[in-house]
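Numbering (full-length UniProt numbering), first residue to last: 1 to 281.
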């Protein structure tokens with residue numbers, strides 16, 4: 001930029017003392033890296049030294065993010081060929097598995113610690129059972145990009161020409177994916193809206209799926225009551241874990257704290273500091 005204006009022609013002349021600035025490039029080879037980074041930062045996930053698998057790698061945004069955050073090795077898997085960025089092709093920490101359909105990949109050459117999934121044109125409910133076989137102890141940790149446009153029914157998808165705008169459909173998709181995850185012995189320990197929209201403007205979500213011993217506790221409970229008095233409290237991961245086990249939640253009507261109930265509809269929201277409303281709910 002010259003004087004704050006973008007200049008693309010090399011023939012343009014300016015004075016010697018003019019201010020010139022170069023815009024920084026992207027942190028990752030694609031926007032996907034920014035999505036994954038949001039989850040790693042939000043939930044303090046440390047991938048240092050881990051062996052990972054990236055399902056639906058495409059250009060390699062997730063793969064790049066994992067490598068830059070210290071992953072020891074990443075199996076970069078995609079059904080397409082020749083898509084992965086050249087920078088990652090030259091990185092000896094990246095094992096390229098292109099032209100491979102992950103839904104039929106029963107095993108990897110090596111046991112992995114973490115799987116990321118950013119797949120298109122296939123439901124996550126097809127992939128989650130498959131990747132269980134890639135861990136030493138099943139299920140292992142999965143970071144899943146939930147794309148409503150590939151989870152919803154054909155009617156909902158065609159109505160918006162591939163773009164799901166209805167929050168009700170978002171809630172239904174999240175509910176179904178969370179329930180299915182629980183059936184596969186995964187538990188949701190984190191859920192956020194992706195900081196970036198999909199290519200066509202679709203809202204997407206990032207779910208953190210580890211195995212979790214709290215599942216036994218939540219399965220036995222009839223309701224989880226989590227009153228909050230601090231508006232700066234976290235998103236409410238305990239609520240999400242309760243919901244995935246089919247146990248509804250009573251949540252306080254405060255930013256972030258109320259989000260799990262709003263997104264899934266599994267529970268009720270009550271006013272803060274109101275014990276009467278809490279008992280009546």
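Glycine is no exception: its CB is placed at the ideal position from the N, C-alpha and C atoms.
Check: From 274, 272, 40, residue whose alpha carbon lies closest to that of residue 145; Outcome: 40
Check: Three-state secondary structure (DSSP) of residue 264; Outcome: helix
Check: Burial state of residue 201 (16 or more Cβ within 10 Å); Outcome: exposed
Check: Three-state secondary structure assigned by DSSP to residue 140; Outcome: coil
Check: Beta-carbon contacts of residue 224 that lie in its chain and below 6 Å, excluding the five residues immediately before and after; Outcome: 242, 247, 249
Check: Runs of beta strand (DSSP E) lying entirely within the stretch 87-149, each at least 3 residues, in chain order; Outcome: 94-98, 114-117, 141-146
Check: The stretch 74-83 touching the stretch 95-107, judged by at least three CB pairs closer than 8 Å; Outcome: yes
Check: Residue 121, buried or exposed, once every other Cβ within 10 Å from all chains shown has been counted against 16; Outcome: exposed
Check: Cross-strand partners of residue 53 (DSSP beta bridge); Outcome: 75, 115
Check: contact_flag[the stretch 256-273, the stretch 173-191] where n(CB pairs < 8 Å) is 3 or more; Outcome: yes
Check: As assigned by DSSP and simplified to three states, the class of residue 193; Outcome: strand
Check: Local conformation of residue 259 per DSSP, three classes; Outcome: helix
Check: Nearest residue (CA-CA) to residue 132, options 105, 151, 254; Outcome: 105
Check: C-beta contact flag for residue 38 and residue 195 at 8 Å; Outcome: yes
Check: Residues sharing a beta bridge with residue 251, DSSP; Outcome: 226, 269
Check: Neighbourhood of residue 60 by C-beta distance below 7 Å, restricted to the same chain and skipping five residues each side; Outcome: 29, 30, 76, 84, 85, 88
Check: Spatially closest choice to residue 81 from 185, 226, 99, by CA coordinates; Outcome: 99
Check: Closest Cα partner of residue 207 within the set 148, 221, 251, 10; Outcome: 148
Check: DSSP three-state assignment for residue 206, whether helix, strand or coil; Outcome: strand
Check: Where residue 163 sits in the DSSP three-state scheme; Outcome: coil
Check: Where residue 190 falls, given that 16 or more other Cβ within 10 Å makes a residue buried; Outcome: buried
Check: Cβ separation of residue 116 and residue 27, assumed to be a contact under 8 Å, to the nearest whole Å; Outcome: Contact doesn't hold; Cβ gap of about 17 Å is too wide.
Check: Cα-Cα separation between residue 135 and residue 279, rounded to whole angstroms; Outcome: 44 Å
Check: Residue 38 - containing alpha helix (DSSP H), residue span; Outcome: 32-42
Check: Contact under 8 Å by Cβ, residue 209 with residue 188; Outcome: yes
Check: Alpha carbon of residue 152 to alpha carbon of residue 169, nearest angstrom; Outcome: 7 Å
Check: Top-ranked residue by Cα proximity to residue 16, from 62, 238, 2, 91; Outcome: 2
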